[in-house]
Amino acid sequence: MLIFVFFYFLLTKMSIAKTYNPKEAEEKWYSYWMNNGFFRSTPDEREPYTIVMPPPNVTGVLHMGHMLNNTIQDVLIRRARMQGKNACWVPGTDHASIATEAKVVAMLKEQGIDKKSISREDFLKYAWEWKEKYGGIILKQLEKLGASCDWERTKFTMDPDLSEAVLDTFIKFYKEGYIYRGVRMVNWDPQGKTALSDEEVIRKEVNQKLYYIRYQVKDSDQYVVIATTRPETIMADSAICINPNDERYQHLKGKTILVPLVNREIPIIEDEYVDMEFGTGCLKVTPAHDLNDYELGQKHNLEVIDILHDDGTLNEKAIILIGEDRFIARKKVAKLLEEADQIEKIDDYKSQVGFSERTDAAIEPKLSMQWFCKMDELAKPALDYVLSGEVNLIPDKFTASYKHWMENVKDWCISRQLWWGQRIPAWYNDKNEWVVAKTEEEAIQEFTSHGKSAAGIRQEDDVLDTWFSSGLWPMSVFDGVRNPENQDFNYYYPTNDLVTAPEILFFWVARMMIMGHNYTGKAPFKNVYLTGIVRDKLGRKMSKSLGNSPDPIELMEQYGTDGVRVGMLLSSPAGNDLMFDVSYCEQGRNFANKIWNAFRLVKGWEISNEPAPEADKTSAAWFESRFNQALVEIEEHFASYRLSDALMATYKLIWDDFCAWYLELIKPAYGSPIPAGTFETVKTFFQRVLTLAHPFMPFLTEELWHDELFGTREAKDCCIVAEYPKTAAFDETLIKEFNTVKQVISEVRNVRNTKQISPKVALPLAINANDIDFRKYQDSIIKLANISELTFVKEKIAGAVSFLAGRDECYITMENNIDVDTERERISKEIEYLRGFLISVDKKLSNERFVQNAKPEVVQNEQNKKDDAQAKIKILEESLANLG
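So the sequence shown is numbered by the working numbering: it starts at -3 and just counts up by one.
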């Protein structure tokens, strides 16, 4: 305890450094938050706010997609924590069966060990060692990002309790009739040597060759030509199919064909499935290697000849080229066919080919005995949740594709031919009969109770699809599957927001809804925020292979974590891709430096006991209203999950309104003190600004929060748990008037720039006020515009530079400083521009369709533009006339 007190004393007694050191602040405050339990959540009387982290693969390291996803989650969780909610963010990792097994196999290969040469138990021992060594890397990297997860709740999808929940769910679904076992055509990954679900197959357009192969009609000199992209599969052909309505092939009915190279005799069959317009109108039927051919083979009772090993090499049934890889065999078969004069022609051809989402290997359709989950009935409630609005997809443009997926869902192949994962709880006897049971003892009882022998009992070798376990994630992290009445589960479930990528909307999001409904009758979350893909300036998806993805850790080292967080979020609207550029991080770092320098400015002021002048009070009243106005906008953005817009509104409030205007308005003259009352108001506003920025920029805001300027704070008084600002009423008239005042000041500065007059030279200003009383703002105008004399007039001033601020006319008498010809040219150009603008507005207002269909406020806005342009033109024409 004494150590923490001393540490805290050092933190609060520091003087503000000239430059901000992000690395020092990040290491210091993250440790401080962790050591003082600010991320920890336990059930209490408060409203819970719960997020479960999409568990990154245990093989993973931090990439830009993780950066975006977890920054968004951290912003949401930090804001909820500051709003007084019991914020719980559960982290964890996914065991990623295919990817992890591939890593372990590669590691063993480097050690000279072949997976086939060791037992399953030995392999799993190596896998667990690999997981313990490398599996936590990404979570440590998320700490660097500032992720305020409850790390004591960290879960892994193969933790014993989570694995037990998976087995219980398999048994439950089996007993409910949703899980079955059978031979089906599946997507086979020859590299991973496992089946995949349809959703794990990525379709890509590939440049291929279309081979036109001659098949000889038996006992004849005739032949038919078949077009195929896969000549290596001809040895598996079981028939040639023609359309019965195709006049070209009527003479072939009832005849047989010889398969090229192997001379095996196969029948000619007829089916209207054949497209007479594609290729030559003849189709080779290869039931073992094409889903549609398989269904055609079933219909016509054709032989199924599987010529491929699990690794994609040709087996003995191929007769030729045994042991060759399928793609090498393709080239060699084509060459053999050419040598045998059985190739008529070869065309270039583009077609869609499936690739493994995990290994990027080209998928092979393969007949295989697998475990499946019936999806029709399970999918309906998960679709209803979204269509009814009980679960919101953000943005809702994804609802249509989600609906299409769920209405056309196929049975889910849930078995994988791997060792790393939850082993399917099915057991076989020596007759290959099987039962489903959690343990061997229970399996023996099952066999016995059904009058069957348990002799030679063995467990299923396959493991379950990783998505089967992660589908339980929102429940299993709170032990809701095994122990549904526990306090955590009843308090935190259903969760609030899920932040994830659109590409796993069906993989994961739908399956969590399916399983959540099956167990609880509730959806596992209320909102699903779907992030976009992080792309480079050229629009390419960031990837290691393209070399266009920066290292997130290096970015944080260079620009500071807060700078990178801001840079990522400034351009990341929900569901839309983020065109990332390092310049965004630079912008984020500049924003951090702006706040830091503003703080240094305030801290450097001396304080006097003089009363605050009216100008300071007016400025404070304006910023109070402007802050509350911005807060309403920010809250609306958060409510609609427009986090990028919420950040931009916060950015503008701090950079423009607070730093560029408010601080300049109340800043004392050089060497002069600031009134104590004004100073206290500034400190209050600064603290409110820091709380507003904290979810986006946690480290910088915490660093400044503890400065002695705000007094001594106790350990519990951190920005991370400071009260988030609440919306309050604001004076719209005051804000509107002050916008006009700012316009006056800006226009005077613009006149200086165009006339090349030094800012140190005071200028006289006269205002013909039509809209507002400038007297209460005159001190601010004189100060920020450097006005020598401010007068209020009722008539136009001849020979003066004039401009409009709203509908108020302003004049600067330049005396000898004005170049009449230059000023005449400037005014003429401005009139010309405004006349062009007026023409475009008139076109809109004269368009009957626009006036009738547009909202009334939109039409009125265009009318206001017209009125303003006409008023400005009138003023400028009079100014031009005054110049002579």
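Glycine residues also receive a C-beta, built at the ideal position from the N, C-alpha and C atoms. None of the values given here were measured: they were computed from a predicted structure.
Per the coordinates, the alpha-carbon of T282 lies some 5 Å from the alpha-carbon of D233.
In the displayed model, M30 falls within a helix according to three-state DSSP. R75 carries a helical assignment under DSSP once its states are collapsed to helix, strand and coil. DSSP, reduced to helix, strand and coil, places R831 within a helical segment of the structure shown. Within the same chain, W430, V432, E456 come within 6 Å of A422 by CB-CB distance, once the 5 residues on both sides are set aside.
With contacts defined by Cβ atoms closer than 8 Å, V255 and I265 do not form a contacting pair. Rounded to whole angstroms, the separation of the alpha carbons of K81 and D40 is 10 Å.
Residues of the same chain with a CB within less than 6 Å of the CB of F846, apart from the 5 flanking positions on each side, are K840 in chain order. V405 has its alpha-carbon roughly 23 Å from the corresponding atom of N523. Fully contained in the stretch 590 to 668 are the following alpha helix (DSSP H) runs of length 4 or more, in chain order: 610 to 635, 639 to 648, 659 to 662. Under the three-state reduction of DSSP, E360 is assigned to strand. Judged by beta-carbon spacing, P87 lies within the 8 Å limit of L135, meaning their Cβ atoms are closer than that value.
For A76, the closest alpha carbon among the candidates E602, E631, E853 is that of E631.
In the three-state reduction of the DSSP assignment, D532 falls in the coil class, being assigned neither a helical nor a strand state. Per DSSP, the beta-bridge partners of E201 are Q348. When the beta-carbon positions are compared, A594 and I510 stay at least 8 Å from each other. Contact between the stretch 517 to 535 and the stretch 568 to 582 is present: three or more C-beta pairs spanning the two stretches fall below 8 Å. Scanning F35, A161, L104 for the CA closest to the CA of S472 turns up A161.
Its chain contains V270, M272, G277 as the residues whose beta carbon lies nearer than 8 Å to that of D242, once the 5 sequence neighbours on both sides are disregarded; these appear in chain order. For N749, there is no enclosing beta strand (DSSP E); the residue is part of the alpha helix (DSSP H) that begins and ends at 728 to 751.
Looking at the DSSP output, C369 sits in a beta bridge with I175, W408.
At a Cβ-Cβ threshold of 8 Å, I209 and I339 count as neighbours. In this structure, DSSP gives N782 a state outside helix and strand, which the three-state scheme calls coil. Here R226 carries a coil assignment [DSSP, helix/strand/coil].
The DSSP-derived three-state label of S798 is strand.
For A83, the secondary structure class from DSSP, reduced to helix, strand or coil, is strand. For E261, the beta-bridge partners assigned by DSSP are L254.
For L526, the beta-bridge partners assigned by DSSP are T496. Judged by DSSP in its simplified three-state form, I510 adopts helix. In the DSSP annotation of this structure, the continuous segment of the beta strand (DSSP E) that includes W430 starts and ends at 430 to 432. Sorting I453, Y28, C715, H59 by C-alpha distance to the C-alpha of N544 places H59 at the top.
Under the three-state reduction of DSSP output, E299 falls in the coil class, being neither helix nor strand. With respect to the 8 Å criterion, D767 and D727 are not classified as neighbours on the basis of their beta carbons.
CA-CA distance, V505 to G467, rounds to 8 Å. Cβ neighbours of K313 within its own chain (closer than 7 Å, five residues either side excluded): I301, D302, I303.
Three or more beta-carbon pairs drawn from the stretch 62 to 75 and the stretch 679 to 694 are found closer than 8 Å, and the two stretches are therefore classed as touching.
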